[in-house]
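This report refers to the structure that appears directly beneath it.
In the numbering used here, the protein residues as written are 493 to 1023.
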């Protein structure tokens, strides 16, 4: 009995945050649905104001997350690129990076295709944006390129550049209106006069019809550039990548700066962990406020269900079709046997929702169950746990477009889609392998596209479950990557075993210096990690 009680207490400690988040989600749903009628029928405060009061704790939670976006993305990208570039000097590293980048891009493209086809956000209550429709692809691409090269790095932290358009009418027309429809309704008459002008020569005392002068269509003309108050994510990402590459080329002279950013990343992630303990209250508040302020709850919940379906279908297609096909084409082996060998690691990934925490189990399954060379496994998996986030990339491509569809009535222009593709790919590289890190990078992608981050409330409601599925996909992709890299590197490994040639990237775990040679496969021990 004591042993069983000890195990239960340990499980509760390890999963306490998850349990609290699930309770928060449940309470948020129930409370939001229960008070919806009361809020919608409220006159003082108005429904919008009442919903704001309910979601206020969630607003503070989101502000805390936004606070750490800039240091998180700068430090994580610089450290990832600096370390990755050093490791890419060897053949193993180059093959691993090509595999990681290819599968990540495929995951993002798959997510965009699915969400654009299913259109989970194109509901009856979705907003309509007239401004969205006139933006041409060429201007969206130019805006993207402009923001890649900000003229002021400090300014990029709080403003982005975009094309400005001015609305001009094509012409005017006379429209007949019935007096009976407007003479007894001040509301209807006010609305009518806001949208046009009364023709004074059409009005007489005995007539039942009068004329309004209205616009006969409108055009949008280019009117220069404008800046808006949102973080220029793409510019900061480009600068961070360039900074990391140059830093890695400096060798020993650049190591202190790399260590500084590494410490900055560690401190930032500690802040993320602390902030996430506020998530049960914040998430509960966001969900309750969002549901309380909805005019049509049923329609919005149907939209959320379609969103979940889109993400899960995308993750399953990528994990069970795309990745196994790549494995089969290159390795020429049945991926089903490899899948069974990785069972423990995949279950651990689903349970912990952390690719980093699953790493020891992943290495054990690769080396003992699937007979992957320890040198390759210990080289590929640590990199993959940091930069290969296929599931996260797919999720971060689907969610912003889902929110954009809700704002723009189902259609998203080419420029925003392209920006989501690029930002989701890069942001997934910087997503640390800890639970709910994707929530932080999701806010980053939303800000890059120019969407309000408070719309993340519905997504957060189901994120705790989707996070586990995408983490499992991340670990599955890392594992297949190790097998593929080993297959492609077989000749190099044999040359090392029988020719005493050093394997690129081998590092002494205890000292941190490059080794002169690598222990042959049959004598390999846990003394060294090939990073």
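Built from N, CA and C at the ideal position, the CB exists for glycine as well.
Do the CB positions of residue i and residue j come within less than 8 Å of each other?
| i | j | result |
| --- | --- | --- |
| residue 802 | residue 517 | no |
| residue 862 | residue 833 | yes |
| residue 979 | residue 882 | no |
| residue 604 | residue 893 | yes |
| residue 722 | residue 939 | yes |
| residue 967 | residue 884 | no |
| residue 877 | residue 970 | yes |
| residue 853 | residue 836 | yes |
| residue 713 | residue 660 | yes |
| residue 633 | residue 907 | yes |
| residue 556 | residue 770 | yes |
| residue 804 | residue 961 | yes |
| residue 653 | residue 644 | no |
| residue 733 | residue 569 | yes |
| residue 864 | residue 975 | yes |
| residue 879 | residue 915 | no |
| residue 1025 | residue 614 | Examination of residue 1025 is not possible in this model, given that the chain is present from 493 through 1023 alone. |
| residue 954 | residue 796 | yes |
| residue 757 | residue 567 | yes |
| residue 655 | residue 584 | no |
| residue 819 | residue 972 | yes |
| residue 701 | residue 669 | yes |
| residue 532 | residue 787 | yes |
| residue 595 | residue 783 | no |
Tell me the DSSP bridge mates of residue i?
| i | result |
| --- | --- |
| residue 703 | 668 |
| residue 720 | 652 |
| residue 658 | 713 |
Return the Cβ separation of residue i and residue j in integer angstroms, given the expectation that the two are a contact with Cβ distance under 8 Å.
| i | j | result |
| --- | --- | --- |
| residue 754 | residue 571 | 5 Å |
| residue 977 | residue 872 | 5 Å |
| residue 911 | residue 726 | 7 Å |
| residue 658 | residue 715 | 4 Å |
| residue 561 | residue 935 | 6 Å |
| residue 952 | residue 775 | 5 Å |
| residue 602 | residue 800 | The Cβ separation is near 16 Å, so there is no contact. |
| residue 785 | residue 539 | 6 Å |
| residue 807 | residue 965 | 5 Å |
| residue 600 | residue 909 | About 11 Å separates the two Cβ atoms, so there is no contact after all. |
| residue 779 | residue 520 | 3 Å |
| residue 848 | residue 858 | Not quite, the Cβ-Cβ distance comes to about 16 Å (not below 8 Å), so this is no contact. |
| residue 845 | residue 719 | Actually they do not touch by this definition, with Cβ atoms about 38 Å apart. |
| residue 781 | residue 547 | 3 Å |
| residue 610 | residue 798 | 6 Å |
| residue 943 | residue 899 | 7 Å |
| residue 642 | residue 724 | 5 Å |
| residue 667 | residue 704 | 5 Å |
| residue 738 | residue 525 | That pair is no contact at about 53 Å. |
Examine the ligand ADP and report whether any of its heavy atoms sits within less than 7 Å of the Cβ of residue i.
| i | result |
| --- | --- |
| residue 740 | By its list of ligands, the structure shown contains no ligand whatsoever, and the ligand ADP lies outside what it can speak to. |
Report yes or no: do three or more beta-carbon pairs, one from the region 550-563 and one from the region 835-842, lie closer than 8 Å? Counting Cβ pairs under 8 Å, fewer than three are found: no touch.
Using 8 Å as the cut-off, can you tell me whether the region 511-525 makes contact with the region 775-789, which would need three or more C-beta pairs spanning the two stretches below that distance? They touch, by the three-pair rule.
Uninterrupted alpha helix (DSSP H) stretches inside the region 719-790 (no shorter than 4 residues): At a cut-off of 4 residues, the continuous stretches assigned as alpha helix (DSSP H) that sit fully inside the region 719-790 are 725-741, 747-768 and 771-784.
Within the region 797-840, note down every full alpha helix (DSSP H) run reaching 4 residues or more, in order along the chain. The region 797-840 contains these whole alpha helix (DSSP H) runs: 815-823 and 827-833.
If we require 3 or more residues per run, which beta strand (DSSP E) segments fall completely within the region 849-926? As summarised for the region 849-926, there are no continuous beta strand (DSSP E) elements at least 3 residues long confined to that stretch.
Unbroken alpha helix (DSSP H) runs of length 4 or more, entirely within the region 509-582: which are they? Within the region 509-582, the runs of alpha helix (DSSP H) that reach at least 4 residues and sit entirely inside it are, in chain order, 528-532, 539-546, 548-559 and 561-579.
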